[in-house]
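Working notes for the structure below.
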Amino acid sequence: MKFPFKITGQILDRIAAIERLIGRVEGLDQAKPQPHLRKSNRIRTVQGSLAIEGNTLSEGQVTALFEGRTVLGSPNEIKEVLNAIEVYRRMNEFRPRSLRSLLRAHRLMMDGLLSSAGIWRSGNVGVLHGSRISHVAPQADRVPYLMKDLFGFLKGDASHPLIQSAVCHYELEFIHPFEDGNGRVGRFWHSLLLTNYQPIFEFTPVESLIKEHQSKYYEALATSDRAGDSTSFIEFSLEMVHQALDGLVDAIRPEPATSKTRLKRAQDNFGKVRFSRRDYRKIHKTISTATASRDLQAGVESGLLV
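Here it is, written out as structure tokens:
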């Protein structure tokens, strides 16, 4: 099966803008968000994704559950949050182009909520939007073949990863491979593919932005359904990714760089591999050759470098 889409000028412009933002992040001495920001964005991600599907727990309640505290609420909704926290916490354990990994993610996401967690659906389904059926998914007996085709696309297609991840998200919603939990797993898999492309996306709350633009999300899905290709959804997805990443870049507050913090970052990058002054300056693009030499000399004298 083919997964059609068109490369529009809007798509190309968004990809270029996102790559510029990624370049800004890579140019910072502290390229990863600080711990409090990483935690805050993970909480926003979980709360946003589940709220799209009707979970009523607030960001404060999700924070409490994230911290291991007790909250009052529907047992099912609490279980949904705890499961999602666990799945996102274990993101690095999943392989984004493995069907087995997808089934495992669904099993963990729906554990204790769905008897068929981690299993392709056996019945035919329609997707309700309000009181009307907005989408009739492919017949159940086609699901294994469609999913094999989709993951074959992920493995073999040469499209930009930002496009691939959006196509996968759309097709997971279109195929609707599980009895329930398709939306939250589709959004998680989108984030997993983005993170596989650039690690900074692990802490970029795209799901929270989708929640803020939920009507546009459903509209993009419906427009792509009617058109028979995912172009509209790709454009929407890239807009959300761009906004989320832009917000993250603005929120990152690098700690003042010192020779010690620069040397620590070099150790994290190179491990036990020998590196030159030129290599050192590649990860610290704003320092002069003289500063790099002083840093490395200080590292040798202090015993940080051997």
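Residue 20 in numbering that gives the first Met the number 0 sits at position 21 of the sequence shown, and the numbers go up by one each step. Each residue gets a CB set at the ideal place from its N, CA and C atoms; glycine is no exception.
{"query": "Between the beta-carbon of G53 and the beta-carbon of I209, is there less than 9 Å?", "result": "no"}
{"query": "Assuming the contact rule is C-beta atoms closer than 8 Å, L171 and N181 should be a hit. Round their C-beta distance to whole Å, please.", "result": "6 Å"}
{"query": "For the 8 Å Cβ check, are there 3 or more pairs between the region 136-143 and the region 112-120?", "result": "yes"}
{"query": "Looking at C-alpha atoms only, which residue of R276, L71, F65, G72 is the closest neighbour of V86?", "result": "F65"}
{"query": "Tell me whether the region 190-204 and the region 214-227 touch, counting them as touching only if at least three CB pairs, one residue from each stretch, are closer than 8 Å.", "result": "no"}
{"query": "Ignore the nearest five residues each way along the sequence and tell me which others in Y216's own chain have a CB closer than 6 Å to its CB.", "result": "I209"}
{"query": "Along the chain, where does the beta strand (DSSP E) containing R94 start, and where does it finish?", "result": "Note, R94: premise wrong, no beta strand (DSSP E); not H, not E."}
{"query": "Is it right to say P95 is buried, meaning 16 or more other beta carbons lie within 10 angstroms of its own, or is it exposed?", "result": "buried"}
{"query": "Just to confirm my understanding: we take H241, look at its own chain, exclude 5 residues before and 5 after, and list those with CB closer than 6 Å. What are they?", "result": "R13, A16, I17"}
{"query": "What do you reckon, are the CB atoms on E206 and M90 nearer than 9 Å?", "result": "no"}
{"query": "Can you give me the start and stop residues for the beta strand (DSSP E) that I132 sits inside?", "result": "131-135"}
{"query": "Using the three-state DSSP reduction, which class does G302 fall into: helix, strand or coil?", "result": "coil"}
{"query": "Roughly how many angstroms lie between the CA atoms of L158 and I6, to the nearest whole one?", "result": "For clarity, residue 158 is Ser in the given sequence; the question names Leu instead. C-alpha separation (whole angstroms): 10 Å."}
{"query": "From I251, L153, D148, pick the residue whose C-alpha is nearest to that of I174; which is it?", "result": "D148"}
{"query": "Tell me the rounded alpha-carbon separation between P143 and S39.", "result": "37 Å"}
{"query": "I need the straight-line Cα distance from H283 to I77, nearest angstrom please.", "result": "44 Å"}
{"query": "Alpha helix (DSSP H) containing M146: first to last residue?", "result": "142-155"}
{"query": "Taking the C-alpha atoms as reference points, what is the distance between V272 and D278?", "result": "11 Å"}
{"query": "Could you have a look at S8 and say whether DSSP puts it in helix, strand or coil?", "result": "Rather than Ser, the amino acid found at residue 8 in this sequence is Gly. Correct three-state label for G8: helix."}
{"query": "Which of the three DSSP states is assigned to V126 in this structure?", "result": "strand"}
{"query": "Flag this pair as yes or no: are the beta carbons of V70 and I84 separated by less than 9 Å?", "result": "no"}
{"query": "Could you give the first and the last residue of the continuous alpha helix (DSSP H) run that contains D278?", "result": "276-282"}
{"query": "If you draw a straight line from the C-alpha of W188 to the C-alpha of S214, how long is it?", "result": "21 Å"}
{"query": "In terms of residues, what are the limits of the alpha helix (DSSP H) holding D228?", "result": "Taken as a continuous stretch (DSSP letters only), D228 belongs to no alpha helix (DSSP H), as it is neither H nor E."}
{"query": "Output the distance between the C-alpha atoms of N82 and Q33, rounded to the nearest integer angstrom.", "result": "24 Å"}
{"query": "Report the residue from L102, Y169, G59 whose alpha carbon sits nearest the alpha carbon of F235.", "result": "Y169"}
{"query": "Using only the alpha-carbon positions, how far apart do L101 and G246 sit?", "result": "29 Å"}
{"query": "At what residues does the alpha helix (DSSP H) containing P160 begin and finish?", "result": "160-174"}
{"query": "Check N54 in the structure and name its three-state DSSP category.", "result": "coil"}
{"query": "Could you compute how far the alpha carbon of A256 sits from the alpha carbon of K281?", "result": "15 Å"}
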